[in-house]
Amino acid sequence: MYLADRGPTAATAPTDADQGRTDRAAQPGRALRAIPATVLALGTVSLITDVSSEMVTAVLPLYVVAGLGLSPLGFGVLDGVYNGVSGLVRLFGGHLADRGRRHKAVAVVGYGLSALCKPLLLIAHTLPLISGVLALDRTGKGIRTAPRDAMISLASTPENRGRAFGVHRAMDTGGALLGPIVAFLVLGMAADGYDAVFTVSFCIAALGVLVLVLFVPGGRAPAVAANPAGIDGTAGASGGDDAAAASPPVTLRSAMALLRIPDVRRLTVTATLLGLTTVSDAFVYLMVQHRLGISERLFPLLPLGTAFFFLVLAMPLGVLADRVGRRRVFLGGHVALLLAYGLLLTPLHNDALAFVVLALHGTFYAATDGVLPAAAAGAVPAELRASGLALIGTGQALARFCCSIAFGAAWTVIGDQAVLGIAMAGLAVCAGWAAYALRGPETA
Amino acid sequence: MTARARLITLVVAVALLGTVAFASVMRASHRAGALDTAQPGGPPVSAGAVSLAGAGRMVFRNMAWGPYRDDLVSVPVNDPGGARVAAPVRCLRFYAAAGTGVCLRKEDGPLQETYFASILDSRLRTLHDFPIAGIPTRTRVSPSGHMAAWTVFVGGDSYAGSNFSTRTSIVDTRTWALTPSLETYKIIKEGRPYHAADVNFWGVTFADDGHFYATLATKGQTYLVHGDVAAQTLTTMRTNVECPSLSPDGTRLVFKKRVPDADPDEPWRLYALDLKTMEETPLAESRSVDDQVVWSDEHTVMYGLAGDYGDDLWSVPADGTGKAERVAVAALNPAFIG
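Order-wise, the sequence lines are chains G and C. Under the numbering used here, the first residue of the first sequence is numbered 78, with each subsequent residue one higher. Under the numbering used here, the first residue of the second sequence is numbered 1486, with each subsequent residue one higher.
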């Protein structure tokens, strides 16, 4: 297999580095020298967009219950169904982006769709309509994720890719932390001003789309022109008969054929297996509360704890991943999660332990969320980058969704302690297998 | 586009979007200010003493616009639409019995709003504050005034913001012993112990200091449960019962029930359940009611329905006869004193 004997700096390197060099030239600042302008621009877009979307998330329960006077139980029913759909949307977005190499255009559609959902909230006054708007919002998120990550990977040099994704994820999480603060500032100035929150959220989202349009280089990804003989030929070979064409059409078949590349297959299977044993955030916070007995008052703050550690550690762990290997850090993140499960199973009860669990949970995100696409980018040919990242990401997301359903069902039958023990054992086995499967040299 | 053109575009857009955002906040702020001016034709309200002891009074959350909006007010039971006496105690949800009040209230913080359940004495002084983890929805006090219960909505996590659950707490005001969540009680469903991660409780109504009824929801089904405080058990009785409210004599429950053919936005109707015969009777209120009713006497229940200025208070006979009547405008969560 051609990818297996390819050195870390061979085929993909020139393609991605070209873009990286241009960006580095445009970005002389010393501290951020290694981070391409495109990545900083995409990070800014994500930061702004997350402020906008987390503003809405923060006030939505209050709006539904206090503003509209609705009973929100059963509101989450469609959530599960939609999780499945959103995985498929991500695949679609990735494929669309690779076809004609229009990553930016597809990302603009995704960000734009989410922005347009904010004014819709002003007129959606019933639970089914609000659910519909949220679903549309998440469709936008699904569409944009893969092309955005592909742009990050294509804009950074292979040796700095982990850092680039780390910076992007840190900026993204920073926005998520700022969103609720902005929302409650607005509510502080205007009591019950939910319409003002949604309007401000829309203005911020629109600004995000504008920054994307203005400051993220668009046009066609340079992969084909820059490297006609290298990666295109090899990827084509794996994709079948359209191999030798100068500009091979990206078909669904060639996207699915990515799974024939051993490294892509390995990463997809590994991410999916580990996803099957990754307990969803909601359950982790419930467990923190049930098992560690933290006070009621701290419960709404638990996701902030995770986000804080994610924010702080995303870039350092990205840099570490560039140095010691992305797969190693990705696995290390799951070891952190394993430790968090372990602490939840101990009979100790105190707030300090909850803090440690959240630190480990945030470390898990910092070591996996950006590191996985950074690791995957090296294995996926540039012209199928978005499709490949979508494939791996969707496998992981669907697996987590299945885990969440199974976890809830098992909780019913055997109780929280037993089901967490099983999840922990499963995670240990999967992590062990992953360590074995992902051994050997890493493609940059 | 040149770098200069991009920058100019950005600055112009920031100015435009900033103006829209600022204008929307100002408009909402102005509207919030308007709520402090009394609405034309609204009920007269004046400051005064509100007591949870005494007799012949009804105390509720005043929703009428003006300086006393959201304050607790007191009116004579025989003239509920009349002049209101307001005390400076603001609650999102309120209930009282035998001189004990529960006020579920909000405190604005820098990062987010925090909520408290305050136990009040008969002069509305706070005896004890319990922090609560979400948005208040229901509260009740036992007929003796010794036990109090409340239900809040809790958002799951920020990544799946649309998932909600409820948490119901019970406190003994004699010892301040708190059960933070009814989920710690043993559930006996159809005769067998039951465990599930998706269990939610809401709408406690007390029979006495040791026993209560409430709603249990799991797997998309709601159940009427009977709770035993001493044994810490909850036993299911029948399905499709939400927000039960026990009659003063303890023989009947009025509750909201999901009716199959209803508009999904208006799913509930009020029903009475005779606890001896277990027979259900629809009440003469044809609209969807999303409230836990309050018994104003042995034969009548009161509940809130959306009005022009916050919720209006309506009443209907508890036996299926008669018709619904509006009792007071801009009034929520009545409690009958004495």
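No residue lacks a Cβ here, since even glycine has one placed at the ideal position from N, Cα and C.
So, under 8 Å CB-CB, residue i and residue j are touching, yes? Tell me the CB distance rounded to an integer number of Å.
| i | j | result |
| --- | --- | --- |
| C:Thr1624 | C:Tyr1670 | Not quite, the Cβ-Cβ distance comes to about 18 Å (not below 8 Å), so this is no contact. |
| C:Gly1688 | C:Arg1652 | In fact, because the Cβ distance is near 13 Å, the residues do not count as touching under 8 Å. |
| C:Val1778 | C:Pro1819 | So it is not a contact: roughly 10 Å between Cβ atoms. |
| G:Leu468 | G:Leu168 | 7 Å |
| C:Pro1752 | C:Val1739 | Not really, about 17 Å apart at Cβ, beyond 8 Å. |
| G:Val396 | G:Gly239 | 7 Å |
| G:Ala476 | G:Thr349 | 4 Å |
| G:Leu369 | G:Leu430 | 5 Å |
| C:Tyr1708 | C:Val1684 | At roughly 10 Å, the Cβ-Cβ gap does not stay under 8 Å, so C:Tyr1708 and C:Val1684 are not in contact. |
| G:Ser464 | G:His172 | 5 Å |
| C:Ala1682 | G:Gly485 | 5 Å |
| G:Cys63 | G:Leu353 | The displayed coordinates of chain G run from 78 to 521. Any statement about residue 63 of chain G would go beyond what the structure contains. |
| C:Phe1450 | C:Leu1731 | Since the first residue of chain C shown is 1486 and the last is 1823, residue 1450 of chain C is not available in this structure. |
| G:Met501 | G:Leu435 | Going by Cβ atoms, the distance from G:Met501 to G:Leu435 rounds to 17 Å, so no, they are not a contact pair. |
| G:Ala174 | G:Ala232 | Actually they are not in contact, since the Cβ atoms of G:Ala174 and G:Ala232 sit about 14 Å apart, beyond 8 Å. |
Helix or strand or just coil, what does DSSP make of residue i?
| i | result |
| --- | --- |
| G:Trp510 | helix |
| G:Phe387 | helix |
| C:His1680 | coil |
| C:Gln1706 | strand |
| G:Thr349 | helix |
| C:His1613 | strand |
| C:Asp1556 | strand |
| C:Val1726 | coil |
| C:Ser1781 | strand |
| G:Trp488 | helix |
| C:Val1814 | coil |
| G:Leu425 | coil |
| G:Ile284 | The sequence given here places Leu at residue 284 of chain G; Ile does not occur at that position. Helix at G:Leu284. |
| G:His180 | helix |
| C:His1631 | coil |
| C:Gly1688 | strand |
| G:Ile371 | coil |
| C:Met1486 | coil |
| G:Pro393 | helix |
| G:Gly146 | coil |
| C:Glu1598 | strand |
| C:Tyr1794 | coil |
| C:Met1543 | strand |
| G:Ser331 | helix |
| G:Thr134 | helix |
| G:Leu264 | helix |
Taking buried to mean at least 16 other C-beta atoms within 10 Å of its own C-beta, is residue i buried or exposed?
| i | result |
| --- | --- |
| C:Tyr1553 | buried |
| G:Gly219 | buried |
| C:Asp1793 | exposed |
| C:Thr1736 | exposed |
| C:Glu1675 | exposed |
| C:Arg1610 | exposed |
| G:Leu425 | exposed |
| C:Thr1724 | exposed |
| G:Ile200 | exposed |
| C:Pro1528 | buried |
| C:His1515 | exposed |
| G:Tyr513 | exposed |
| G:Pro113 | buried |
| G:Gly202 | A small fix is needed here, since residue 202 of chain G is His in this sequence, not Gly. Burial call: exposed. |
| C:Ile1493 | exposed |
| G:Gly447 | buried |
| G:Gln366 | buried |
| G:Ala312 | Only weak support is given to the placement of G:Ala312: the predicted model assigns it a pLDDT of 38, under 50, and the value that follows is read from those uncertain coordinates. Buried. |
| C:Val1496 | exposed |
Sequence ranges, alpha helix (DSSP H) only - wholly within the stretch 194-234 of chain G, length at least 4 = 204-232
Please name the residues in the stretch 270-281 of chain G whose beta-carbon is closer than 7 Å to at least one beta-carbon of chain C, in chain order.
-> Gly270, Asp272, Ala273, Thr276, Val277, Cys280
Could you please tell me which residues of the stretch 1678-1699 of chain C, in chain order, have their CB closer than 7 Å to any CB of chain G?
-> His1680, Ala1681, Ala1682, Asp1683, Asn1685
Of the residues that make up the stretch 173-202 of chain G, which ones have a beta carbon closer than 8 Å to any beta carbon in chain C?
-> none
With a floor of 3 residues, list each beta strand (DSSP E) that falls wholly inside the stretch 1545-1589 of chain C, ordered by position along the chain.
-> 1556-1561, 1569-1575, 1578-1582
Return the residues of the stretch 283-294 of chain G that lie within a Cβ-Cβ distance of less than 8 Å from chain C, sorted by chain order.
-> Ala283, Leu284, Leu287, Val288, Leu291, Phe292
Taking only runs that begin and end inside the stretch 443-484 of chain G, name each unbroken alpha helix (DSSP H) of 4 or more residues, in chain order.
-> 448-454
Residues within the stretch 1492-1504 of chain C neighbouring chain G, beta-carbon criterion of under 8 Å | Thr1494, Leu1495, Ala1498, Val1499, Leu1502, Gly1503
The stretch 484-498 of chain G: positions lying closer than 9 Å to chain C by Cβ = Phe484, Gly485, Ala486, Ala487, Trp488, Thr489, Val490, Ile491, Gly492, Asp493, Val496
In the stretch 362-376 of chain G, which residues sit with their C-beta less than 8 Å from some C-beta in chain C, listed in chain order?
-> Tyr362, Leu363, Ser372, Glu373, Arg374, Phe376
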